């Protein structure tokens, strides 16, 4: 089944979302607008907004709060991707940083921080405190998961249990937040939200396992050095 | 007048604050605890918590919300410093090796993000939404100010007006947040909060002008390469 088919039931919402997402990034600083235009051009598959809309559609009716949830999560995910671009070794040349790489790093970190704050303000200005809490929890878990992975990949003694802890935190926690925020946006009750969270966690785990297997089997398909994530 | 004398009226609060701040950083991830211990060791002058306590003391009685405001702002300021370590590649800060020199860029970005999320959760868990909004506004302005500086320093046509716009955003906005949150923590009325904000803005502007002059006159005193900020 293609992604287009999967998205079909909510395609009109995704189109509407793109407009709202674009305006959520706007700034009075020209350099920022040039960069965010570039970000919007190379937009990804928008898997995370899709999960938000699916969850809301299952639990009730998609509404303005659902759109804000999708924007908040996509702003945050984009900020994380930009911060991920600040990769050390690829920018290094003979042990020194080129001026160009330094500028790039500086701008990347600042743009990431800017998008994070825009997401925060979008939620705060609309009193979406419940969603903000869900999302902040997952930001904390994502950074903890990445740091746990760095720690464990150094000592090379990773158990199956630790592997699952890492992927639950670094990948599944944000997908869990997508489902939880989507459900929350329709005022679903707490037992329904819990069910949605479980779907999100399991989706995230499956996604990461598949990604790691692709990474392990075929370095070309992921575009990364072979076995980097599954050491 | 020495900093110790300036701090004297609130020194017991600063001591109490240090304990609370330390526990606000705690994590279940061992690598994170090693790093945050290191951060706590090289703690700075705690100018920003001091401003929070001063504002609260002027407007009313220092209370638990004041401590949370000070922790929130110091977590955020520390996250920004760590992100700055990535971008400036300055190996030294206050005579200690920066995190970036000891660990790598990736870890710095992740730890910065972790501290940001801990600050968010501290505020959200205690329904400090008003303070969170004040602080998020200043995070947005700080990144806008830094990006504006990058943009303008490239074209070398910076006017006095632009200079003030940059330093208001990149430096004064967080000091403004210190005064506003300190006042807010004592349930001060909005006209009092506005007065406190003005003190914060002017303090921040004065601080940055002095820093830029030191930077321009004497590269040793600031520990940074000469003229970097005032190009």
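Chains as they are written, first to last, in our numbering: chain G, 1154 to 1384; chain X, 1154 to 1384. C-beta: ideal position from N, C-alpha, C; glycine also. Here the structure is a predicted model, which means the values were calculated and not measured.
query	result
Sub-8 Å separation of residue 1201 of chain X and residue 1327 of chain X beta-carbons	yes
CB contact check: residue 1303 of chain X to chain G, cutoff 8 Å	yes
The segment 1183-1190 of chain G / the segment 1295-1307 of chain X touching (three or more Cβ pairs under 8 Å)	yes
Minimum C-alpha distance to residue 1213 of chain G - residue among G:1338, G:1347, G:1316 and G:1350	G:1338
Short-range partners of chain G found in the segment 1285-1310 of chain X, where Cβ spacing is below 8 Å	1285, 1286, 1289, 1290, 1292, 1293, 1295, 1296, 1297, 1299, 1300, 1301, 1303 and 1304
Below-8 Å beta-carbon distance, residue 1191 of chain G vs any chain X residue	no
Residues near residue 1175 of chain X by beta carbon distance below 7 Å, same chain, minus five either side	1193
Cross-chain neighbours of residue 1164 of chain X in chain G, by beta carbon under 9 Å	The contacting residues do not exist; residue 1164 of chain X stays about 32 Å from chain G at best.
Backbone secondary structure at residue 1223 of chain X - three-state DSSP	helix
Meets three-Cβ-pair contact criterion under 8 Å: the segment 1271-1285 of chain X and the segment 1309-1327 of chain X	no
Residue 1317 of chain G at chain X interface by Cβ criterion, 8 Å	no
Residue 1331 of chain X and residue 1226 of chain X closer than 8 Å at C-beta	yes
8 Å Cβ cutoff, residue 1345 of chain G in contact with chain X	no
Assigned exposure category for residue 1347 of chain X - 16 Cβ within 10 Å defines buried	exposed
Sequence-distant residues of the same chain with beta carbon closer than 8 Å to residue 1236 of chain X, five excluded per side	1261, 1262 and 1265
Buried versus exposed, by CB contacts within 10 Å (16 or more), residue 1366 of chain X	exposed
Short-range partners of chain G found in the segment 1336-1365 of chain X, where Cβ spacing is below 9 Å	none
Presumed contact (8 Å Cβ cut-off) between residue 1209 of chain G and residue 1215 of chain G, rounded CB distance	5 Å
Min CB distance residue 1277 of chain X to chain G below 8 Å	yes
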